[in-house]
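S.K.:
Number of protein chains: 2
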Amino acid sequence: MARGERTVIVSNRGPVTFSRSESGERTHSRGAGGLVTALNAVSRSGDDVVWIASAQSEEDIEVSREPAPYEVDDLRVTLVEHEPEAYDLMYNHLANPLLWFVQHGLYDLPYTPLLGEETRRAWEEGYVPVNRNFAEAVSRTVEDAGFPIVLLHDYQLYMTPLFVRERLGADAFISLFVHIPWPGPDYWGVLPEYIREDVLESLLSADVVAFHTRHYARDFAETAAQVLGVTYDTERAVIHHSGREVWVRAYPISIDPAEFEELAQSESVLEQEEFVKGLPGKLLLRVDRMDLSKNVVRGFQAYGRMFERHPEMVGEVTFLAQLQPSRGDIPEYARYAEVVQETAERVNEQHGSASWKPIELSMQDNFPLSVAAYKNYDALLVNAVRDGMNLVAKEAAVVNERDGVLVLSENAGAHEELNDNALTVNPFDLDEQADAIYQALTMPDEERRRRAQALRETVMSNTIEDWVEAQMRDIAAYRGL
Amino acid sequence: MARGERTVIVSNRGPVTFSRSESGERTHSRGAGGLVTALNAVSRSGDDVVWIASAQSEEDIEVSREPAPYEVDDLRVTLVEHEPEAYDLMYNHLANPLLWFVQHGLYDLPYTPLLGEETRRAWEEGYVPVNRNFAEAVSRTVEDAGFPIVLLHDYQLYMTPLFVRERLGADAFISLFVHIPWPGPDYWGVLPEYIREDVLESLLSADVVAFHTRHYARDFAETAAQVLGVTYDTERAVIHHSGREVWVRAYPISIDPAEFEELAQSESVLEQEEFVKGLPGKLLLRVDRMDLSKNVVRGFQAYGRMFERHPEMVGEVTFLAQLQPSRGDIPEYARYAEVVQETAERVNEQHGSASWKPIELSMQDNFPLSVAAYKNYDALLVNAVRDGMNLVAKEAAVVNERDGVLVLSENAGAHEELNDNALTVNPFDLDEQADAIYQALTMPDEERRRRAQALRETVMSNTIEDWVEAQMRDIAAYRGL
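Keeping their order, the protein sequence lines are chains A and B. Under our numbering, read the first sequence as residues 1 to 481, first letter to last. Under our numbering, read the second sequence as residues 1 to 481, first letter to last.
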């Protein structure tokens, strides 16, 4: 990136949250999670980068009212204050239930969703004004810059490209990165027509629309073709719209391996390792947010079926399921967590004994435990119904010390990169998953070693730095630099 | 079609069922339903046409064991005997639950389907052998013919094109018509890989793959491109595969208007009209099989919501829902029928009175009642979640005598032809449907007349005869005649 140009990153959740200590001083805590790590890497890539995000805490709102970006550590942060009801409508009524469900294909279509005026209100009085706020913050941030580069992130910000374009004109470079799957045109069609069309029009006012896989990029282009009638050039991955070129690209997101190698040696992880190493038999692991898209229920069912098909495995393995609680106030999520627990209990009753619990269910927020388990699994199950990327598969491959085997859903974004050395499963097929778990747990050492090493190398060959550089190269190419 | 050539129609369900009378004589009854009517028209289109179908009754099996095609009325019929267990696996374990659900998008993907060895068995020991039986029957039927034309129909027969091609070679003309929606690549991916790929390979061994809408044709081409990596020419609607051209076409199926005009005057229909005309207020109608794809529950919810939004409509309308029982032995269907009844009861309790029942639920097999209601509705609700074509919309438009207004789901195949003069609804949006029902019931007479007439003309301009001719023209064109 050329020096002296102003780059703006925008994501709903930011890299820091501010609070006030008892003594009245402003303090802050750095956020965690894959997207924040990734955007930190983007932030480090230029000299004049400002990161815009929603104010979440009371102290965040104070920060948002100060004129200049707030400098914290190596970052410059601008927070945006939203009207609380608008934010609630955007987040809890539009983005997380509706867009998340549509893009992961989670509805029971004969019965749900029930759309209507409430959807329209969440759109018009929530999603749209929140997106306007972001665009205004972008506009204020770049007003004195020459050629602004605006990097927008994820499904809370679909209308921001259009509003930024309206404010900054044709010369600004605008990209939007979608971090969740893109559905086909039919499932996109579940949305009300005004959302369906407005989102696509907005995304096509960006210069680059980016995804984690070529598959999502193609589904997006096909959706735009069917809904708006645009034409796209499959070879060049370009959509022609309103006399402009929109590049539809895949940049598979990754991790910072050094961060995980360091974490793996941290005190808190070493403490958790005692528990993990105490679990009887081989270790089958899953680490997920408790989300309907993760396929936890079928994972347990498949595991139970493995004991039916291979009774010799009884007592020889423990399945540690580390499930971070998530969105428990959405009824579908609360019900899912119940079914997950019931299914685990059933498997434990059916196959367990006084001395051995087949499934160890950990429903807590415990990242050190996850990393401790990453180091020690013999087999890792990632069987998502649908998953934008799934960074667990990459994180675990880097720190695992037992040549653990990856069982990987073909519907996880990571499958495009890791399929050669994982055991691929159809997430809807219980017997296929049962067999893959069995195969993973009984695989000869040499094949385990070869696969584990290849997985690690694949991850190391496309780190978060590479992810940033690929995008920066394309920005330069798009601008003809 | 050139004379002297042998044409073979194959469909799972045939035009006649045989039985034996008490006196020991063979009798037969003609089948009803949209597909049979349509194929009757195909059958009339040539001199040497044989219709092959599955034997369903004991007497059918007797007929199937006779060497020559059975001549009945104007038809020549060959019945195929399947091993009962194989047929059960094909019909009740593979085609109706799995393919139907996948192609209509009816699964609750976080929980269902649960695929596995039973799926494989239904495929290998049911679907595949039944399809081989059809192919052998085709082969026997055309053995003495020069250039055979093989017209295969619907989702029970996906493997038959391949098996026929293996037997008859490159010179035979083979088409398969899919009468249900085609899903996008993602939903097709719910199927096990062997079904996903084998079906596509088989369909692409046909010369023409046909659908009711351009939308399904495009989704099919995109599915083939993503799953098998074939290329397709969007302009010409051609897939290139194994050095051959496969034409991917849309022929919107239709009805025989004369048949319905005659029916409308029949004694049995006139009898039912007394009941229909006795219903209080304006008549809102729906006529459907009781299927999860038909969106009956949301239809009732939307109707209830109309009374909330427009209390002046209370007492002014009756909603007659004529729902033909269907597939009640599939648990999802039994549950759906219960929810339909509960929803109707709730609306009736909430908005009805001693003298007026807002919803008149008729869960019976009563075709004369349907036609009687066709003649008398003020508004017709066709709000399917997804529907291959929906012939109800066409049948009703032809015989309606009240300038009835059509409220039509954008996900019904009929929408591609009828959208200009129907009120389009998103089937997931309750308020949009409530408003459309209200608009339909309160529309000024002149607009009603104009729309109803245009709908009728659209149907009359593409009857079942036109549907047959369009296909015959393409067969001639494909063969370069």
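Heads up, the beta-carbon is just placed ideally off N, CA and C, and yes, glycines get one too.
Taking buried to mean at least 16 other C-beta atoms within 10 Å of its own C-beta, is Gln360(B) buried or exposed?
M.R.: Locating residue 360(B) in the second sequence gives position 360, counting from the first residue. Note that residue 360(B) is Glu in the sequence shown, not Gln. Classification for Glu360(B): buried.
S.K.: Just the chain B side, please: which residues come within less than 7 Å of Phe482(A) by C-beta, in chain order?
M.R.: What the structure shows of chain A is the stretch from 1 to 481, and residue 482(A) is not part of that stretch, so it cannot be assessed.
S.K.: Please list, in chain order, the residues of the segment 153-171 of chain B that have any C-beta partner in chain A closer than 7 Å.
M.R.: Residues passing the 7 Å Cβ filter: none.
S.K.: Compute the Euclidean distance between the alpha carbons of Ala225(A) and Pro192(A), then round it to the nearest angstrom.
M.R.: As a first step, residue 225(A) is located in the first sequence; it is residue number 225 there, counting from the start. As a first step, residue 192(A) is located in the first sequence; it is residue number 192 there, counting from the start. Ala225(A) and Pro192(A): Cα-Cα distance of roughly 17 Å.
S.K.: Just verifying my parser: in three-state terms, what is the DSSP assignment at Leu293(B)?
M.R.: In the second sequence, residue 293(B) corresponds to position 293, counting from 1. Correcting the residue type first, residue 293(B) is Ser in the shown sequence and not Leu. Three-state DSSP puts Ser293(B) in coil, outside helix and strand.
S.K.: One question on the structure: do Ala264(B) and Arg286(B) come within less than 7 Å of each other, judged by their Cβ atoms?
M.R.: Stepping through the second sequence from its first residue, residue 264(B) is reached at position 264. Stepping through the second sequence from its first residue, residue 286(B) is reached at position 286. No, Cβ-Cβ distance for Ala264(B) and Arg286(B) is not below 7 Å.
S.K.: Give me the Cα-Cα distance between Tyr155(A) and Leu99(A), rounded to the nearest whole angstrom.
M.R.: As a working mapping, residue 155(A) is identified with position 155 in the first sequence. As a working mapping, residue 99(A) is identified with position 99 in the first sequence. One C-alpha to the other measures close to 7 Å.
S.K.: DSSP state of Gln439(B), grouped into three classes?
M.R.: Here the question's residue 439(B) lines up with position 439 in the second sequence. Reduced to three states, the DSSP call for Gln439(B) is helix.
S.K.: Near Leu94(A), which residues of its chain fall below 8 Å by C-beta distance, leaving aside the five closest residues on each side in sequence?
M.R.: Taking the first sequence and counting its residues from 1, one reaches residue 94(A) at position 94. Answer for Leu94(A): Thr119, Ala122, Trp123, Gly126 and Tyr127, listed in chain order.
S.K.: Inspect the beta-carbon positions of Val72(B) and His104(B) and report whether they are closer than 7 Å.
M.R.: Locating residue 72(B) in the second sequence gives position 72, counting from the first residue. Locating residue 104(B) in the second sequence gives position 104, counting from the first residue. Cβ distance not < 7 Å, so Val72(B) and His104(B) don't count as in contact.
S.K.: Cα-Cα, which of His82(A), Val10(A) and Val36(A) is closest to Val150(A)?
M.R.: Position 150 of the first sequence holds residue 150(A). The shortest C-alpha separation from Val150(A) is found at Val10(A).
S.K.: Have a look at Pro110(A) and Ser293(B) and give me their C-alpha separation to the nearest angstrom.
M.R.: Within the first sequence, residue 110(A) is the residue found at index 110, counting from 1. Within the second sequence, residue 293(B) is the residue found at index 293, counting from 1. Spanning the two alpha carbons is a distance of roughly 6 Å.
S.K.: So, for Glu416(A): in the same chain, excluding its five sequence neighbours on each side, which residues have a beta-carbon less than 6 Å away from its beta-carbon?
M.R.: Residue numbering aside, residue 416(A) sits at position 416 when the first sequence is read from its first letter. Within the same chain, Glu416(A) has close Cβ partners Thr213.
S.K.: Below 7 Å between beta carbons: does that hold for Val405(B) and Ala379(B)?
M.R.: Along the second sequence, one-based indexing puts residue 405(B) at 405. Along the second sequence, one-based indexing puts residue 379(B) at 379. Going by C-beta atoms, Val405(B) is nearer than 7 Å to Ala379(B).
S.K.: Assign Leu228(B) to one of three DSSP states: helix, strand, or coil.
M.R.: Residue numbering aside, residue 228(B) sits at position 228 when the second sequence is read from its first letter. Leu228(B): helix per DSSP, three-state reduction.
S.K.: For a contact defined as C-beta to C-beta under 9 Å, what are the partners of Asp73(A) on chain B?
M.R.: Taking the first sequence and counting its residues from 1, the one referred to as residue 73(A) is at position 73. Per Cβ cutoff of 9 Å: no residues; Asp73(A) is ~39 Å from chain B at best.
S.K.: Write down every uninterrupted run of the beta strand (DSSP E) in the segment 157-234 of chain B whose length is 3 residues or greater and which is fully enclosed by it, in chain order.
M.R.: Counting whole runs of 3 or more residues, the segment 157-234 of chain B contains the beta strand (DSSP E) stretches 173-177, 208-211 and 231-233.
S.K.: Per DSSP, what kind of secondary structure is Thr463(B) in: helix, strand or coil?
M.R.: Taking the first residue of the second sequence as position 1, residue 463(B) is located at position 463. Looking at Thr463(B) - three-state DSSP - the assignment turns out to be coil, as it is neither helix nor strand.
S.K.: Which class does Lys282(B) belong to by DSSP, given the choice of helix, strand or coil?
M.R.: Residue mapping note: residue 282(B) aligns to position 282 of the second sequence, counting from 1. In the structure shown, Lys282(B) sits in a strand (DSSP, three-state: E or B).
S.K.: Quick one: grab the DSSP three-state call for Arg6(B).
M.R.: Along the second sequence, read from residue 1 onward, the residue named residue 6(B) stands at position 6. Three-state DSSP puts Arg6(B) in coil, outside helix and strand.
S.K.: I'd like the list of long-range same chain contacts for Ile70(A), defined as Cβ closer than 6 Å, with 5 residues on each side in sequence excluded.
M.R.: Numbered from 1 along the first sequence, position 70 holds the residue referred to as residue 70(A). Sequence inspection shows Tyr at residue 70(A); the Ile mentioned does not correspond to that position. Closer than 6 Å at the Cβ level, and outside the excluded window around Tyr70(A), lie Val63 and Val77.
S.K.: What are the boundary residues of the alpha helix (DSSP H) that includes Val548(B)?
M.R.: Limits of chain B in this structure are 1 at one end and 481 at the other, which puts residue 548(B) out of reach.
S.K.: Consult DSSP for Arg249(A) and reduce its assignment to one of helix, strand or coil.
M.R.: For the purposes of this step, residue 249(A) is taken as the residue at position 249 of the first sequence. DSSP places Arg249(A) in strand when its eight states are reduced to three.
S.K.: Any Cβ of chain B within less than 7 Å of the Cβ of Pro129(A)?
M.R.: For this step, residue 129(A) is matched to residue 129 along the first sequence. No, because no Cβ of chain B sits closer than 7 Å to the Cβ of Pro129(A).
S.K.: Can you give the Cα-Cα distance for Ser202(B) and Gly184(A), rounded to whole angstroms?
M.R.: Taking the first residue of the second sequence as 1, we reach residue 202(B) at position 202. Taking the first residue of the first sequence as 1, we reach residue 184(A) at position 184. If I take the Cα positions, the gap works out to 24 Å.
S.K.: Okay, do the segment 388-399 of chain A and the segment 414-432 of chain A touch, 3+ Cβ pairs below 8 Å being the bar?
M.R.: Counting Cβ pairs under 8 Å, three or more are found: they touch.
S.K.: Given that a residue counts as buried once 16 or more other Cβ atoms are within 10 Å of its Cβ, and exposed if not, what is Ala477(B)?
M.R.: Taking the second sequence and counting its residues from 1, one reaches residue 477(B) at position 477. Exposed is the call here.
S.K.: Within the 7 Å Cβ cut-off, does Ser461(B) reach chain A?
M.R.: In the second sequence, counting from the first residue as 1, residue 461(B) sits at position 461. So, not an interface residue.
S.K.: Roughly how many whole angstroms lie between the Cα atoms of Met1(A) and Gly169(A)?
M.R.: Counting from 1 along the first sequence, the entry for residue 1(A) is found at position 1. Counting from 1 along the first sequence, the entry for residue 169(A) is found at position 169. Confidence at Met1(A) is low in this model, with a pLDDT of 43, below 50, so the placement of that residue is unreliable and no value is reported for it.
S.K.: Residues of chain B with CB closer than 7 Å to the CB of Pro183(A), please, in chain order.
M.R.: As a working mapping, residue 183(A) is identified with position 183 in the first sequence. Per Cβ cutoff of 7 Å: Asp186.
S.K.: Does the segment 235-251 of chain B touch the segment 328-345 of chain B, meaning 3 or more C-beta pairs lie closer than 8 Å?
M.R.: Judged by Cβ distances under 8 Å, the segment 328-345 of chain B makes no contact with the segment 235-251 of chain B, as fewer than three pairs qualify.
S.K.: Starting from Thr318(A), trace the beta strand (DSSP E) in both directions and tell me its first and last residue.
M.R.: For this step, residue 318(A) is matched to residue 318 along the first sequence. Run containing Thr318(A): Val317 to Gln324, per the beta strand (DSSP E) assignment.
S.K.: Run down chain A in chain order and give the residues with a C-beta less than 8 Å from the C-beta of Gly126(B).
M.R.: Counted from its first residue, the second sequence places residue 126(B) at position 126. The premise fails here: Gly126(B) is roughly 17 Å from chain A at the closest Cβ pair, so nothing lies under 8 Å.
S.K.: Any idea what DSSP makes of Asp377(B), helix, strand or coil?
M.R.: Looking up residue 377(B) in the second sequence gives position 377. Residue 377(B) is actually Tyr in this sequence, not Asp. Tyr377(B) falls in the coil class under three-state DSSP.
S.K.: Is Arg335(A) helix, strand or coil by DSSP?
M.R.: As a working mapping, residue 335(A) is identified with position 335 in the first sequence. Helix at Arg335(A).
S.K.: From Arg3(B) to Phe177(B), what distance separates their C-alpha atoms?
M.R.: Within the second sequence, residue 3(B) is the residue found at index 3, counting from 1. Within the second sequence, residue 177(B) is the residue found at index 177, counting from 1. Residue placement at Arg3(B) cannot be trusted, given a pLDDT of 41 that sits under 50; the coordinates are not used to answer.
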